[in-house]
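Below is one structure, written out as structure tokens; comments come after it.
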Ligand SMILES: C[S@@+](CC[C@H](N)C(=O)[O-])C[C@H]1O[C@@H](n2cnc3c(N)ncnc32)[C@H](O)[C@@H]1O
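In our numbering, the protein residues as written are 28 to 283.
Structure (structure tokens):
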């Protein structure tokens, strides 16, 4: 089943706005970064080894945005296709491919309905792409379908704790629990957009139900003295130094 059309339209509108305000201007700087990093505070992949060796691997990125992560992966030798719902984000990604490179496939599609054949890819990756923005039951079913047996799923999303502490009007998480897990299945923010924030237990159950074995959950904390992210507000660096803010999941598609 696909995502409701009005929700997809809402997400396109939100990401056209975020692109115009922030991500288009930031994209070339992100593309030019020399190494693969994760999240708001740029944790090096070299120390986490969430992806493993990507050279020669078929990689599919879901909810790629301006596709800097796919750019880094292609530079590391992966054979990449990156997918996003937003024409605005993909237009920026295309410009970065032309001006910085390398080129790879860019596809406009819903991350919960993948135009990819079964068992076609080695790694599915998503950095704040499908995990918050798509129904987990739907996108995990699709990720499991397109991954080869033993293929790797790596995704980054906000912690459920951070989502519990964001004010109702949106903005930066505070030091009070403002909603419970049941309020996050899903949550509609006033600025538009519907987000999904399963608890850790729910992620483990969902991954298991879709044929994945969890290999790691890295709870990312910023290095001391790190600045706040330039435009993603959900947590400050000080908040993230104190409480878990970002979850990087690594799972393996079980062989049938
Ligand atoms: C936070 S960005 C992720 C990109 C990049 N890693 C980043 O952090 O800027 C979220 C992306 O998810 C995309 N998105 C939202 N709903 C989607 C859906 N149903 N299918 C695919 N992509 C979607 C948005 O268009 C947006 O580009």
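Don't be surprised by glycine CBs; every beta carbon is placed ideally from N, CA and C.
Since the structure is predicted, the reported quantities are computational estimates derived from the model, not experimental observations.
Put simply, the backbone Cα of residue 243 is about 7 Å away from that of residue 278. Unbroken alpha helix (DSSP H) stretches of 4 residues or longer found wholly inside the stretch 174–255: 187–192, 227–236, given in chain order. Annotation: residue 247 to residue 77 spans about 12 Å, alpha carbon to alpha carbon.
Taking a C-beta distance under 8 Å as the contact criterion, residue 204 and residue 191 qualify as a contact pair. Taking the CA atoms as reference points, residue 53 sits about 19 Å from residue 110. Each of 33, 40, 231 was checked against the Cα of residue 113, and the nearest Cα belongs to 40. Apart from the 5 residues on each side of it in sequence, residue 272 sits with its Cβ closer than 6 Å to the Cβ of 186, 189, 262 in its chain, given in chain order. The straight-line gap separating the alpha-carbon atoms of residue 228 and residue 160 is approximately 19 Å. Under DSSP, residue 153 takes part in a beta bridge, and its partners are 182. The continuous beta strand (DSSP E) containing residue 111 extends over residues 106–111. Between residue 234 and residue 157, the C-beta gap is not smaller than 8 Å, which leaves the two residues out of contact.
Boundaries of the alpha helix (DSSP H) around residue 32: 32–45. Under the 10 Å beta carbon count, residue 137 is surrounded by 16 or more other beta carbons and is classified as buried. Ranked by Cα distance from residue 264, the options 199, 231, 105 are led by 199. For residue 75, the uninterrupted alpha helix (DSSP H) segment begins and ends at 72–75.
Here residue 132 carries a strand assignment [DSSP, helix/strand/coil]. Relative to the non-hydrogen atoms of ligand 1, the Cβ of residue 139 comes within a distance shorter than 7 Å of at least one.
Cβ-Cβ distances below 7 Å link residue 255 to 263, 264 in the same chain, with the five nearest sequence neighbours on each side left out; the list follows chain order.
When DSSP states are grouped into helix, strand and coil, residue 67 belongs to the coil group. The three-state reading of DSSP puts residue 266 in helix, counting H, G and I together. A heavy atom of ligand 1 is found nearer than 7 Å to the CB of residue 116.
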